[in-house]
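S.K.: Sharing a structure below in structure tokens format, with a few things to ask.
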Amino acid sequence: MTPEPSWRRAAAYVVCVQDDRILLARVNEPSTADHGSWTMPGGGMEWGETPEETAVREFAEETGLTATLGPILGTWSLWLNAEDTTLGESGHVIAPIYACASFTGDLRVEANGT
-3 MTPEPSWRRA AAYVVCVQDD RILLARVNEP STADHGSWTM PGGGMEWGET
47 PEETAVREFA EETGLTATLG PILGTWSLWL NAEDTTLGES GHVIAPIYAC
97 ASFTGDLRVE ANGT
């Protein structure tokens, strides 16, 4: 039997495709293990948020755009061993991935984030 993870993280992400192009965010926080990698805009849920609220907030924080969400495309579930985390403890991340039905605003880069 697999031991219980030391931590759990709920998150939400958004897939935004327009004109056969996909919007990705680059992790530029040097202290993270995935520094320099590309990811979907999204991130961790704050206390009291719904997954939809998390997806819209994180998308706006990372892109400067306001998203109107479409359907859930799937769920991302990742189990991490202690040696694969900056915490040094095993954990579990689970996140719905939403389609972006539309968006408004001007694209910008988030400083010190993704």
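When you line the sequence shown up against the working numbering, it's residues -3 to 110, in that order. Every residue, glycine too, gets a C-beta built ideally from N, C-alpha and C. These numbers come from a predicted model, not from an experiment.
Residues in its own chain within less than 6 Å of L130 by CB, not counting five upstream and five downstream?
M.R.: Because the chain is modelled from -3 through 110, residue 130 falls outside the range shown and cannot be assessed.
S.K.: Looking only at its chain, what residues have a beta carbon closer than 6 Å to the beta carbon of A91, apart from the 5 residues adjacent to it on each side?
M.R.: A7, A8, Y9, W72, listed in sequence order.
S.K.: Are the Cβ atoms of W34 and R17 separated by less than 8 Å?
M.R.: Cβ atoms of W34 and R17: not closer than 8 Å.
S.K.: From the DSSP output, in three-state form, read off E62 for me.
M.R.: In the sequence on display, residue 62 carries Thr and not Glu. Here T62 sits in strand by DSSP.
S.K.: Scan the region 61 to 106 and note each continuous beta strand (DSSP E) run of 3 residues or more that stays entirely inside, going in chain order.
M.R.: Counting only runs of 3 or more, we get 61 to 76, 87 to 101.
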